[in-house]
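Trainee: The sequence shown lines up with residues 1 to 278 when you count with the numbering used here.
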Amino acid sequence: MTLRLAVVGLGGIALKGYLPVITSWEGVEPIFYSRTPEKVERLAHLHRIEKYTTNMDQLMDWKPQAAFILTPTDTHADLARHFMEAGVDVFLEKPATFSSSETQKLAELADARQRILMLAFNRRFAPLNVQARQLWGDRPISMASFEKHRSKPNFTSLFFHMNEELIHIIDLLRFFCGEAHAVNTLQKVDPETNLFLEAVTLLQLENGGFATISASMRAGQWYEHYTLNGGTASLYLDAFSELKLASQGSEQVWKEPYPSTWQSNLVGRGFVGEMEHF
Numbered sequence: 001m002t003l004r005l006a007v008v009g010l011g012g013i014a015l016k017g018y019l020p021v022i023t024s025w026e027g028v029e030p031i032f033y034s035r036t037p038e039k040v041e042r043l044a045h046l047h048r049i050e051k052y053t054t055n056m057d058q059l060m061d062w063k064p065q066a067a068f069i070l071t072p073t074d075t076h077a078d079l080a081r082h083f084m085e086a087g088v089d090v091f092l093e094k095p096a097t098f099s100s101s102e103t104q105k106l107a108e109l110a111d112a113r114q115r116i117l118m119l120a121f122n123r124r125f126a127p128l129n130v131q132a133r134q135l136w137g138d139r140p141i142s143m144a145s146f147e148k149h150r151s152k153p154n155f156t157s158l159f160f161h162m163n164e165e166l167i168h169i170i171d172l173l174r175f176f177c178g179e180a181h182a183v184n185t186l187q188k189v190d191p192e193t194n195l196f197l198e199a200v201t202l203l204q205l206e207n208g209g210f211a212t213i214s215a216s217m218r219a220g221q222w223y224e225h226y227t228l229n230g231g232t233a234s235l236y237l238d239a240f241s242e243l244k245l246a247s248q249g250s251e252q253v254w255k256e257p258y259p260s261t262w263q264s265n266l267v268g269r270g271f272v273g274e275m276e277h278f
């Protein structure tokens, strides 16, 4: 049986993260949608896609069974509602919306319509992150830190930086540590450009431990580090590349081999895993 899969939005994240996988799947019939005629026609021809359109009514006439919504955030809510109300399961690129209350309404609609609504948090499916979660097991967490740094400011506020960048780290904190609430946040912005520069947040974990989330846009390079401490063990993760677990004088190390093997970078970064899970 062939799965009819609508790909809605053909921008940068679609080109880098999704189309290479979707167009390689057997048993899937991709249907491309974009508001830009030249783009949708060019990419459909490039990937040998028979059905493509700039008209949403035509897309729905083809009766997709699932949809990947990869459009700008301000379009997510209307598109997700449109598809779920038509009985279509939805994979939604992060962030879901710019409002927690609007996102909650989408979740309630998915429940009411008995539809899948999945958010694209690829880091939950990165092989090293999955392995780290399994290795840590039920150990208590007394202190954790999550860092995500970049080398160039490009967001106009902490709000937009959080929605586009730190949302991944917030989600990973919940993945590893459970629920938490923010105690205090400090931030800096450039007084001349008003661009976001740094922020650090202290959080209280539901189990009584502490965690920090930090971000700098003035680092020497792109990097993400995650650290868990507790129960006489420490876990260190260098995002997508190396994992260490230290306990009572011993240390184990695992490295992600995808940069130098046939394993895809999209596997190592969790894109393939999240899409297959959906």
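Beta carbons: idealized from backbone N, C-alpha and C, even for Gly. Treat the numbers as computed from the prediction; the structure is a model and nothing was measured.
Which word fits Asp190, buried or exposed, when buried means at least 16 other C-beta atoms lie within 10 angstroms of its C-beta?
Mentor: In the sequence shown, counting from the first residue as 1, residue 190 sits at position 190. By the 10 Å Cβ count, Asp190 comes out exposed.
Trainee: Tell me, please, which residues DSSP counts as bridged to Pro30.
Mentor: If you number the sequence shown from 1, residue 30 lands on position 30. Pro30 is bridged to Leu5.
Trainee: Within the chosen definition, does the stretch 203 to 218 reach the stretch 141 to 151 through at least 3 CB pairs nearer than 8 angstroms?
Mentor: yes
Trainee: Quick check: the stretch 59 to 73 against the stretch 5 to 14, are there 3 or more CB pairs under 8 angstroms?
Mentor: yes
Trainee: In the structure shown, what three-state DSSP assignment does Trp254 receive?
Mentor: Numbered from its first residue, the sequence shown carries residue 254 at position 254. Correct three-state label for Trp254: strand.
Trainee: From the DSSP output, in three-state form, read off Gly230 for me.
Mentor: Walking along the sequence shown from the start, residue 230 turns up at place 230. Correct three-state label for Gly230: strand.
Trainee: Excluding the 5 residues flanking Leu158 on each side, which residues of the same chain have their C-beta closer than 6 angstroms to its C-beta?
Mentor: Along the sequence shown, one-based indexing puts residue 158 at 158. Contacts found: Gln187, Phe196, Ala199.
Trainee: On the three-state DSSP scale, how would you describe Ala13?
Mentor: Stepping through the sequence shown from its first residue, residue 13 is reached at position 13. The question names Ala, yet the displayed sequence has Ile at residue 13. Note: Ile13 maps to helix in three-state DSSP.
Trainee: Would Phe146 and Leu173 qualify as a contact pair, given that the criterion is a beta-carbon distance under 7 angstroms?
Mentor: For the purposes of this step, residue 146 is identified with residue 146 of the sequence shown, where counting begins at 1. For the purposes of this step, residue 173 is identified with residue 173 of the sequence shown, where counting begins at 1. Taking the C-beta atoms as reference points, Leu173 is found nearer than 7 angstroms to Phe146.
Trainee: Here's a check: name, in chain order, each residue in its chain whose Cβ is nearer than 7 angstroms to the Cβ of Leu119, leaving out the five neighbours to either side.
Mentor: Residue 119 sits at position 119 when you count from the first residue of the sequence shown. Leu92, Lys94, Ala96, listed in sequence order.
Trainee: With burial defined as no fewer than 16 other Cβ atoms inside 10 Å of the residue's Cβ, what is the status of Ile116: buried or exposed?
Mentor: Locating residue 116 in the sequence shown gives position 116, where the first residue counts as 1. By the neighbour-count rule (16 or more Cβ atoms within 10 Å), Ile116 is not buried but exposed.
Trainee: List the endpoints of the continuous beta strand (DSSP E) containing His181.
Mentor: The count along the sequence shown starts at 1 and reaches residue 181 at position 181. Here the beta strand (DSSP E) through His181 covers 180 to 189.
Trainee: Let's test the definition: count the other Cβ atoms within 10 Å of the Cβ of Lys255 and tell me whether it reaches 16, buried, or not, exposed.
Mentor: Residue numbering aside, residue 255 sits at position 255 when the sequence shown is read from its first letter. In the assembly as shown, Lys255 is an exposed residue. Its beta-carbon has fewer than 16 other beta-carbons within 10 Å.
Trainee: Using the Cα positions of His47 and Glu102, report the straight-line distance between them to the nearest angstrom.
Mentor: Translated into the one-based positions of the sequence shown, residue 47 becomes position 47. Translated into the one-based positions of the sequence shown, residue 102 becomes position 102. Approximately 35 angstroms between the Cα atoms of the pair.
Trainee: Hey, out of Leu228, Ile49, Trp62, Leu203, whose CA is closest to Ser24's CA?
Mentor: On the sequence shown, position 24 is the one that residue 24 refers to. Ranking Leu228, Ile49, Trp62, Leu203 by Cα distance to Ser24 puts Ile49 first.
Trainee: Any idea what DSSP makes of Glu93, helix, strand or coil?
Mentor: If you number the sequence shown from 1, residue 93 lands on position 93. In this structure, Glu93 counts as strand in the three-state DSSP scheme.
Trainee: Check each candidate in Leu135, Glu164, Tyr236 and name the one with the smallest Cα separation from Pro72.
Mentor: Translated into the one-based positions of the sequence shown, residue 72 becomes position 72. Looking at the Cα atoms, Glu164 is the closest of the given residues.
Trainee: Please determine, among Phe32, Thr36, Ala215, the residue with the shortest C-alpha to C-alpha distance to Ala44.
Mentor: Indexing the sequence shown from 1 puts residue 44 at position 44. When only C-alpha atoms are compared, the closest one is Phe32.
Trainee: Determine the burial state of Gly12: buried for a count of at least 16 other Cβ atoms within 10 Å of its Cβ, exposed for fewer.
Mentor: Reading the sequence shown from its first residue, position 12 is the one you call residue 12. By the Cβ-count criterion, Gly12 is exposed, with fewer than 16 other Cβ atoms from all chains shown falling within 10 Å of its own Cβ.
Trainee: Taking DSSP as the reference, what is the three-state secondary structure of Ala77?
Mentor: Position 77 of the sequence shown holds residue 77. Taken through DSSP and simplified to helix, strand or coil, Ala77 comes out as helix.
Trainee: Using 10 angstroms around the beta-carbon of Arg292, count the other beta-carbons present and answer buried if the total reaches 16, otherwise exposed.
Mentor: There is simply no residue 292 to check, as the chain begins at 1 and stops at 278 in what is shown.
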